[in-house]
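J.:
Protein chains in written order, with the working numbering: chain P, 45 to 129; chain H, 241 to 613.
Right, dumping it as structure tokens:
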């Protein structure tokens with residue numbers, strides 16, 4: 045499926061849009077980490093909590109559920125939520 | 241003498257300042273990791289080329305970067321410090337790695353890291369992959385003591401001042417900004433508190449280790465039985481085998497006080513040490529006392545203190561110096577360096593006798609280390 049990357053993660057992917065696989069959001073993140081080692085820990089912590097300034101949008105809808113089911117035609121945006129100076 | 245390089249960690253990246261042999265002119269190398277909050281950059285003195293930097297960004301979680309060529313190129317660590325995942329998912333997560341310490345000279349590749357929330361981690365492969373030191377992180381009451389984002393100090397309590405006794409690789413010390421000083425004699429398997437003689441904020445129980453807030457602990461390389469400590473409640477010295485700290489800061493001028501963050505010791509003279517006091521009155525402004533920056537130096541183990549402020553502005557100065565942001569080189573006449581919260585680097589080539597600003601307009605400075613070629 046298509047995954048859109050925020051600028052903060054393009055040092056890993058080299059591109060703003062990548063292809064990855066997974067039947068859940070968690071599985072998608074595992075696949076991204078295989079392709080781009082280290083990327084998962086930057087967006088999800090060791091207790092599987094989504095980091096405070098990261099958001100996931102699937103087909104335009106925000107989700108905080110790593111167990112969310114995904115299909116091959118879904119479109120996932122990983123978004124950095126700016127705050128502070 | 242050898243050329244000195246300063247490793248500067250800031251709120252927005254890292255810089256290296258390369259000095260000439262006279263420590264008069266400095267060449268700027270950076271920014272590295274622009275936009276990353278870099279809490280510490282350290283060189284491995286055992287090989288003289290491995291460097292580790294602790295970073296995170298405003299959005300992304302924490303990580304570490306490694307260099308095998310003294311900072312020319314960097315690569316992210318394969319497995320940065322992280323707590324074990326708990327079944328309920330309510331366990332701690334590393335917000336940032338705060339402190340880095342290369343291991344004993346006889347243990348190449350071993351590094352230690354302190355995090356916020358307060359955890360101790362060890363690497364056995366030169367900082368590429370890290371594991372929790374369970375003897376510390378899992379000890380009784382540790383989960384409560386580690387502290388979360390809303391506990392302890394406002395940016396999260398820090399595990400800091402990880403010290404390896406140069407005579408004994410199994411002998412470790414560390415400080416917890418919320419939790420006191422701890423000592424291990426079995427390479428981190430077991431720990432005991434080392435807080436006797438330390439004061440806490442008035443009205444609280446000094447026997448409760450949670451109320452202890454060491455800011456920076458240093459061991460004297462020339463006498464590893466002597467430690468100095470800048471604490472939330474004063475400046476202390478400890479001479480082992482005694483377990484009782486002595487508040488040597490009582491000899492500081494009363495109008496300045498003995499509150500501050502950094503502590504610097506002389507590499508070859510255990511009676512010499514330096515502090516940078518800050519204002520710890522009423523609401524704790526944490527600025528130069530009276531708006532007048534001053535380094536204080538002792539030549540007699542803290543029994544007396546001498547003001548060293550030649551070269552500093554005379555007044556209306558309101559920055560301060562954080563706990564990792566003051567250090568010394570190892571030259572015959574040692575150089576002293578500190579970085580300010582307003583992004584200036586100040587240097588002295590004569591052991592604090594006179595000071596020059598050698599860099600300015602950097603982001604807020606978190607840490608300064610001095611290494612030689």
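Glycine is no exception: its CB is placed at the ideal position from the N, C-alpha and C atoms.
Please state whether DSSP places residue 432 of chain H in a helix, a strand or coil.
T.: Position 192 of the second chain, counting from 1, holds the residue named residue 432 of chain H. Reduced to three states, the DSSP call for residue 432 of chain H is strand.
J.: For a quick check, are the C-beta atoms of residue 279 of chain H and residue 577 of chain H less than 7 Å apart?
T.: By 1-based counting over the second chain, the position of residue 279 of chain H is 39. By 1-based counting over the second chain, the position of residue 577 of chain H is 337. Taking 7 Å as the Cβ cut-off, residue 279 of chain H and residue 577 of chain H do not qualify as a contacting pair.
J.: Taking the C-alpha atoms as reference points, what is the distance between residue 574 of chain H and residue 591 of chain H?
T.: The residue you call residue 574 of chain H lines up with position 334 of the second chain. The residue you call residue 591 of chain H lines up with position 351 of the second chain. Taking the straight line from one Cα to the other gives about 5 Å.
J.: Under the rule that 16 or more other beta-carbon atoms within 10 Å means buried, what is residue 306 of chain H, buried or exposed?
T.: On the second chain, residue 306 of chain H is found 66 positions in, with the first residue counted as 1. Buried, because 16 or more other Cβ atoms sit within 10 Å of the Cβ of residue 306 of chain H.
J.: Cβ of residue 537 of chain H less than 7 Å from any chain P Cβ?
T.: Stepping through the second chain from its first residue, residue 537 of chain H is reached at position 297. Not an interface residue.
J.: Whole angstroms is fine: what's the gap from residue 417 of chain H's alpha carbon to residue 449 of chain H's?
T.: As a first step, residue 417 of chain H is located in the second chain; it is residue number 177 there, counting from the start. As a first step, residue 449 of chain H is located in the second chain; it is residue number 209 there, counting from the start. Residue 417 of chain H and residue 449 of chain H: Cα-Cα distance of roughly 11 Å.
J.: Between residue 116 of chain P and residue 65 of chain P, what straight-line distance do the alpha-carbon atoms span, to the nearest angstrom?
T.: For the purposes of this step, residue 116 of chain P is identified with residue 72 of the first chain, where counting begins at 1. For the purposes of this step, residue 65 of chain P is identified with residue 21 of the first chain, where counting begins at 1. Spanning the two alpha carbons is a distance of roughly 7 Å.
J.: Starting from the beta carbon of residue 100 of chain P, find every residue of chain H whose beta carbon is closer than 8 Å, and list them in chain order.
T.: Within the first chain, the letter at position 56 stands for residue 100 of chain P. Within 8 Å Cβ-Cβ: nothing; residue 100 of chain P doesn't reach chain H, min ~13 Å.
J.: To the nearest angstrom, how far is it from the Cα of residue 665 of chain H to the Cα of residue 91 of chain P?
T.: Outside the displayed span of chain H (241 to 613) sits residue 665 of chain H, for which this structure offers no information.
J.: Which residue wins for smallest C-alpha separation from residue 593 of chain H, given the options H/398, H/406, H/549, H/599?
T.: Walking along the second chain from the start, residue 593 of chain H turns up at place 353. The candidate whose alpha carbon is nearest that of residue 593 of chain H is H/549.
J.: At 8 Å on the CB atoms, spell out the chain H contacts of residue 106 of chain P, in chain order.
T.: Locating residue 106 of chain P in the first chain gives position 62, where the first residue counts as 1. The contacting residues do not exist; residue 106 of chain P stays about 16 Å from chain H at best.
J.: Buried or exposed for residue 104 of chain P, going by 16 or more other Cβ atoms inside 10 Å?
T.: Your numbering for residue 104 of chain P matches position 60 in the first chain. Answer is exposed; the Cβ neighbour count stays below 16.
J.: Using a Cβ-Cβ cutoff of less than 6 Å, which residues in the same chain neighbour residue 107 of chain P once the five nearest sequence positions on both sides are dropped?
T.: Sequence index remark: in the first chain, residue 107 of chain P carries index 63 (1-based). In the same chain as residue 107 of chain P, and ignoring 5 residues on each side of it, the C-beta atoms closer than 6 Å to its own belong to 100, in chain order.
J.: Which first and last residues belong to the alpha helix (DSSP H) in which residue 70 of chain P is found?
T.: Against the first chain, residue 70 of chain P aligns to sequence position 26. Residue 70 of chain P -> alpha helix (DSSP H) spans 69-79.
J.: Among H/436, H/437, H/451, which one has its Cα closest to the Cα of residue 443 of chain H?
T.: Here residue 443 of chain H refers to the residue found at position 203 of the second chain. Ranking H/436, H/437, H/451 by Cα distance to residue 443 of chain H puts H/451 first.
J.: Do we get a CB-CB distance below 7 Å when we pair residue 272 of chain H with the residues of chain P?
T.: To locate residue 272 of chain H, count along the second chain from 1; it is residue 32. No Cβ of chain P is located within less than 7 Å of the beta carbon of residue 272 of chain H.
J.: The alpha helix (DSSP H) that contains residue 425 of chain H, what's its start and end?
T.: As a first step, residue 425 of chain H must be located in the second chain, where it is residue number 185. Run containing residue 425 of chain H: none; DSSP gives neither H nor E here.
J.: Quick test of the definition: if touching needs 3 or more C-beta pairs under 8 Å, does the segment 324-340 of chain H touch the segment 280-296 of chain H?
T.: yes
J.: Using the Cα positions of residue 460 of chain H and residue 366 of chain H, report the straight-line distance between them to the nearest angstrom.
T.: Stepping through the second chain from its first residue, residue 460 of chain H is reached at position 220. Stepping through the second chain from its first residue, residue 366 of chain H is reached at position 126. Approximately 25 Å between the Cα atoms of the pair.
J.: Buried or exposed: which applies to residue 424 of chain H, given that a residue is buried once 16 or more other Cβ atoms fall within 10 Å of its Cβ?
T.: Mapped onto the second chain, residue 424 of chain H falls at position 184. Under this definition residue 424 of chain H is a buried residue.
J.: Does the CB of residue 322 of chain H have a neighbour CB from chain P at under 7 Å?
T.: Here residue 322 of chain H is taken as the residue at index 82 of the second chain, counted from 1. Under the 7 Å criterion on CB atoms, residue 322 of chain H is classed as interfacial with respect to chain P.
J.: In the structure shown, what three-state DSSP assignment does residue 449 of chain H receive?
T.: Stepping through the second chain from its first residue, residue 449 of chain H is reached at position 209. Residue 449 of chain H falls in the helix class under three-state DSSP.
J.: From residue 309 of chain H to residue 315 of chain H, what does the alpha carbon distance come to, in whole angstroms?
T.: The residue labelled residue 309 of chain H in the question sits at position 69 within the second chain. The residue labelled residue 315 of chain H in the question sits at position 75 within the second chain. About 11 Å.
J.: If residue 93 of chain P and residue 333 of chain H are in contact, beta carbons under 8 Å, what's the gap, nearest whole angstrom?
T.: Working through the first chain from its first residue, we reach residue 93 of chain P at position 49. Working through the second chain from its first residue, we reach residue 333 of chain H at position 93. The Cβ separation is near 7 Å, so the contact holds.
J.: Counting only runs of 3+ residues fully inside the segment 248-288 of chain H, write out the beta strand (DSSP E) ranges in chain order.
T.: 253-259, 266-272, 277-283
J.: On the criterion of 16 or more Cβ atoms from any shown chain inside 10 Å, does residue 595 of chain H qualify as buried, or is it exposed?
T.: On the second chain, position 355 is the one that residue 595 of chain H refers to. Label assigned to residue 595 of chain H: buried.
J.: For residue 594 of chain H, report the span of its alpha helix (DSSP H) as first-last.
T.: In the second chain, residue 594 of chain H corresponds to position 354, counting from 1. Counting along the chain, residue 594 of chain H sits inside no alpha helix (DSSP H), nor does DSSP assign it H or E at all.
J.: Does chain H have any CB closer than 7 Å to the CB of residue 89 of chain P?
T.: Residue mapping note: residue 89 of chain P aligns to position 45 of the first chain, counting from 1. At least one CB atom of chain H sits nearer than 7 Å to the CB of residue 89 of chain P.
J.: Could you pull out every residue in the same chain whose Cβ sits closer than 7 Å to the Cβ of residue 544 of chain H, ignoring the five residues on either side in sequence?
T.: By one-based count along the second chain, residue 544 of chain H stands at place 304. Cβ within range, chain order: 491, 538.
J.: Give me the chain P residues within the contact set of residue 297 of chain H, using Cβ-Cβ distance strictly less than 7 Å, ordered along the chain.
T.: Along the second chain, read from residue 1 onward, the residue named residue 297 of chain H stands at position 57. Chain P residues near residue 297 of chain H: 52.
J.: Can you tell me where the alpha helix (DSSP H) holding residue 95 of chain P begins and where it ends?
T.: Start at 1 with the first residue of the first chain, and residue 95 of chain P comes out as number 51. Bounds of any alpha helix (DSSP H) do not take in residue 95 of chain P, whose DSSP letter is neither H nor E.
J.: Could you check how far apart the C-beta atoms of residue 515 of chain H and residue 503 of chain H are, in whole angstroms? I think they sit under 8 Å.
T.: The count along the second chain starts at 1 and reaches residue 515 of chain H at position 275. The count along the second chain starts at 1 and reaches residue 503 of chain H at position 263. Contact between residue 515 of chain H and residue 503 of chain H is confirmed by a C-beta separation of about 6 Å, below the 8 Å threshold.
J.: Between residue 594 of chain H and chain P, is there a C-beta pair that is closer than 7 Å?
T.: Taking the second chain and counting its residues from 1, the one referred to as residue 594 of chain H is at position 354. Closer than 7 Å: no.
J.: Shorter than 7 Å from the beta carbon of residue 84 of chain P to some beta carbon of chain H?
T.: Against the first chain, residue 84 of chain P aligns to sequence position 40. Not closer than 7 Å to any Cβ of chain H, the Cβ of residue 84 of chain P fails to qualify, so no.
J.: Given a cut-off of 7 Å, decide if residue 560 of chain H and residue 518 of chain H are closer than it, judged by their beta-carbon atoms.
T.: Position 278 of the second chain, counting from 1, holds the residue named residue 518 of chain H. Position 320 of the second chain, counting from 1, holds the residue named residue 560 of chain H. Contact flag set, yes.
J.: Alpha helix (DSSP H) containing residue 307 of chain H: first to last residue?
T.: What you label residue 307 of chain H is simply residue 67 of the second chain in a count that begins at 1. It is not in any alpha helix (DSSP H) - residue 307 of chain H instead sits in the beta strand (DSSP E) that spans 303-307.
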